[in-house]
Every structure is written in structure tokens, then in C-alpha cells.
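Below is one structure; the comments refer to it alone.
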Amino acid sequence: MNTRRTDTVAAPGRFPVRELVLLVALLVAVLGVYAVMGSAYSTRMLVEASCYAILALGLTIQWGYAGQFNAGVMGFVALGGFCAMFFSIPINPDFWGSELPGELGMVLLYMIAAALLVFGATRLDRLGVPKMLRTIIAVVLGVVLYLVVINAFRGVTDQIESQAGFIGGLGLPVGVGWVVGGALAGVVGFFIGRVCLGLRSDYLAIATLGIAEIIKAFLKNSDWLTRGTATVSPLPWPVPGAEAVGFTLARALYLSVTAVMIAAIFFLLTRAYHAPWGRMIRAIRDNEISAAAMGKDINKRRLEIFVLGCILMGIGGAALASFNSMFDPQGYLPLNHTFLVLVMVILGGPGNNLGTIFGAVAVYIIWIMSAPMALYLMDLAMALGAGLGWETPTNMDSRALQARVFVIGLLITLVLRYAPKGLLPEKVKHHG
């Protein structure tokens, strides 16, 4: 009996010319920004770009590794930002010194009990109850319990807002909020994945987009928990702040923290990509039917990669909120926290970790610098046209900000036209 053995054909070694040229060009761009905008502004830009790089790595393992198009990045970023706020800001003595914590805890227990009762009602068919009757009982019970519990919940939250403003935080180290932010995003991603990962890619995008808006609406309207549109600030940093060491050094220290995080994530993701687990994930992405025929648990593996990506998004969102030193639920926008991350992954190359980091930094530099560059060009045009009697608009700054959207739109159009797989596409090894 003859057996056929399939080996990986090693690609001939080549000098990474493209990677080196792109990284040098990016370094030149960063140095140019430092020379023009100063060290404090440029370091802040790099810190924000590094936070976006963590978000982009979370998306690239969902989209690049497994082909899952997540259009709800904003929701997981907001969850991470909420945890960074809730676990790090000081406690509110007006809340904890009253009877409100006990009342809120009782209402939460009522919610859990109601959920368990409804879940139990959905299992009455195992006791011989007809399925139609089981469904009616579960729906009626769910509606009644919801009205009862939500009425009690609103009564407690109204008291919290009137007596204490909001519940405040827990006063724990900043890193705790970052870790819990990733865990919370992963838990939410798990429940979303159990429901939505069976959908086709376009329907999955619609579902995740809607869920992100639900998360934002909940955080924005929960004044008792997040102060809503009133925002919460300042948020503490994991490193000494500007008042202790100055703006530039404080931001440089923060950048060192995010750089270490990116290095650790990059190392782990690269190891996973080249491990049997990574090859299995890519096999499911490329040919789901063949992978299932080989005995792979498709749904379980897809859920794993979706949760892992959500965890990274939560961590990146927590780091970004802490750096901005403010939690503003209304400030989370699909353009800034979903579409921009998609552009970063597309430009760098889905499935390529190095390309994703490159795309995150490059796109964020373009995003930030397009406004001052547009303002400079507008001022130059107005100066040249002054002798022709041109009337100078009064809202030049706001018009320059709109240039960001135009530049990013033009960038994504050019990339999709001339480099559809990204500037650093995924390296696929051929088998034969």
C-alpha cells in the first residue's frame, strides 16, 4: 500500500526589500512629524497609533486569520474604555456610604433570578410540556418579569443619580481595568459569536454593527454607571503623569508600555499563526467544507478566534481611554473606531501581523496630519489669492478637519485598486 506524503515547499530565502523600504519610509515620516510638530505632539500621536495597532491586531486575526468581517469594533473598544474608567477612578463615598449598594445588589440578583426562570421555562419540553405551550409560557413569563425587574431597577438608578451622581469607580490599579476590559470584551464576544457566527460574512457585519451601537447607547444612557454625556475625567495612567515628569517624558513612558504590549501580542500571534492551530484556522477560512471533512470543529474554532480578537480590542480600547484620560461614551464613533481600524488592516495586509502594525501607524499618521497639511495648503491658497480679491472663509479649521475623510477615502481607494492584498500581504506557503 502506497502512501502519499505532502510536505511544505520552503520558499527560497529572499532579502525583505519591500518590508525594509516601507519601514524606512514610515520611520522617515515619523521623524518628519517630530521635526514639524514637536516632540510632545508627535509622541502623543505615536501612543494613540500604538493603541490602534492593538485594535488592528485584534481585527486582523478575525478577518485575516478566519475571514470574519467584524464591523462592530467600536462596541468592544467602548467596553474596554468603560472598564479602564470603572476600575481605576476613585470610589464615590456618596454612593458607598449609603444604602444604595445593597438596593442595587438586590435588583441585580432579581435580574439573575428572572433570567434563570425564563431559561428554565424554555426547557419545560423536557418535562413533557408541548413545545407550543412551552414557548407561550416562556414569552409571557419573560415579559412579566422584565416589566417587574426594570421598574425596580429604574427606581434604584434614579436614586443613585439624585443622591450620588453615579456609582463611581473601584480605585484599583490601571492594569486591572485593562485586563478586565479585555475579559469583558471577550465574554460579550463569546455570546455574540454563539449567535452570529453562523451567519454569512455580510450578515455578520450587519449584526456586529448593530450590537456595537447597542453597547454605545447603553453606556451613553446609563448616567448612574458612566455619567453618560457628562463624561468621566481624569483617568489615571499606569506611568507617572505630565505633572510629575512633563508632557514629553510622560507620553514616552506610556509609549514604552504600549510598545511592550504590542511586542508581546505580536510574538504570541506569530507563534500561533505558524503553529498547527494557526494552520487549522486558515484551512477553515480557505475551505470550510474540506476542514469539516477532516474532522475539525468549525464552530468552536471560529468562536475561539472571534473571542480572541474581541479580547485584544477590549485591551486596546482600555489603553486608549486611559491615555486620553477621559471616558466619553458619545465620543465613540464608527468612523474613528471601526472604519479607521478596517483601513489600517486593509492597508497593511489582512493576516500579516507586521503589516497590520505598519498599517496602523501609517494610517494614523495620515489621519492626524491630513488636517494640518490641508490647513497649510488652504492658507497658502488664500495668501496667493488675496491679490485677486478672494474672500477668506472664517471656518478654515473645520474645513481642514473634513480633509481627513477625503484623504482616508482616497487612500483606501488607491490601496484596493493597486494593492488589494495590502502593502505587506500575507505570506502563504504552498504545499505539494
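Residue numbering for the sequence shown follows the working numbering, beginning at 2 and increasing consecutively.
Just so you know, even glycine gets a beta-carbon here, dropped at the ideal spot from N, CA and C.
Predicted model, so just to flag it, every value in this text is computed and none were measured.
Quick one: Cα of residue i to Cα of residue j, how far?
| i | j | result |
| --- | --- | --- |
| A26 | I55 | 21 Å |
| T230 | V177 | 25 Å |
| H275 | I366 | 30 Å |
| L168 | L210 | Reading the sequence as shown, one finds Ile at residue 168 and not Leu. If you take the alpha carbons of I168 and L210, they lie about 29 Å apart. |
| L402 | S371 | 8 Å |
| F267 | A50 | 15 Å |
| L117 | L109 | 12 Å |
| K428 | N353 | 7 Å |
| P131 | T123 | 11 Å |
| F16 | K422 | 20 Å |
| A361 | A213 | 21 Å |
| G106 | C197 | 31 Å |
| M38 | L415 | 27 Å |
| I263 | I215 | 29 Å |
| I138 | F120 | 11 Å |
| G386 | G410 | 28 Å |
| V144 | R155 | 16 Å |
I believe residue i touches residue j by the beta-carbon criterion, under 8 Å. Please report the beta-carbon distance rounded to the nearest angstrom.
| i | j | result |
| --- | --- | --- |
| G318 | F77 | 6 Å |
| G315 | G81 | 4 Å |
| L304 | F191 | 7 Å |
| V175 | P239 | 4 Å |
| L58 | L313 | 6 Å |
| V364 | M379 | Contact flag wrong, Cβ pair sits at about 23 Å. |
Where does residue i sit, in a helix, a strand or coil, going by DSSP?
| i | result |
| --- | --- |
| V233 | strand |
| I55 | helix |
| G315 | helix |
| F88 | helix |
| G156 | helix |
| F70 | coil |
| F328 | strand |
| G98 | coil |
| G183 | helix |
| G242 | coil |
| G169 | strand |
| A276 | coil |
| F340 | helix |
Return the chain-ordered list of same chain residues with a C-beta closer than 7 Å to the C-beta of residue i, the five sequence neighbours on each side being excluded.
| i | result |
| --- | --- |
| R302 | M281, I282 and I285 |
| Q63 | Q69, N71, I306, F307 and G310 |
| W179 | A85, I316, A319 and A320 |
| L256 | T44, L47, V48 and S51 |
| A11 | For A11, the predicted structure reports a pLDDT of 43, less than 50, and the residue's modelled location is therefore unreliable. A value from the coordinates is still provided. Nothing meets the Cβ criterion. |
| I92 | G169, G170, L171 and G172 |
So, residue i versus residue j, is the Cβ gap smaller than 8 Å?
| i | j | result |
| --- | --- | --- |
| A243 | A85 | no |
| L236 | S99 | no |
| L425 | G332 | no |
| R252 | A41 | yes |
| D224 | A165 | no |
| Y111 | V74 | no |
| L23 | V342 | no |
| S234 | M327 | yes |
| M397 | L381 | no |
| A79 | K217 | yes |
| L146 | A186 | no |
| W368 | R400 | no |
Could you tell me whether any Cβ in chain D is nearer than 8 Å to the Cβ of residue i?
| i | result |
| --- | --- |
| P91 | Within the model displayed, chain D is absent; a lone protein chain is all it includes. |
Can you list, in chain order, the residues of its chain with a C-beta nearer than 8 Å to that of residue i? Leave out the 5 residues immediately preceding and following it.
| i | result |
| --- | --- |
| Q160 | L101 and E104 |
| K221 | T227, G229, T230, P330 and Q331 |
| A292 | M281, A284, I285 and I299 |
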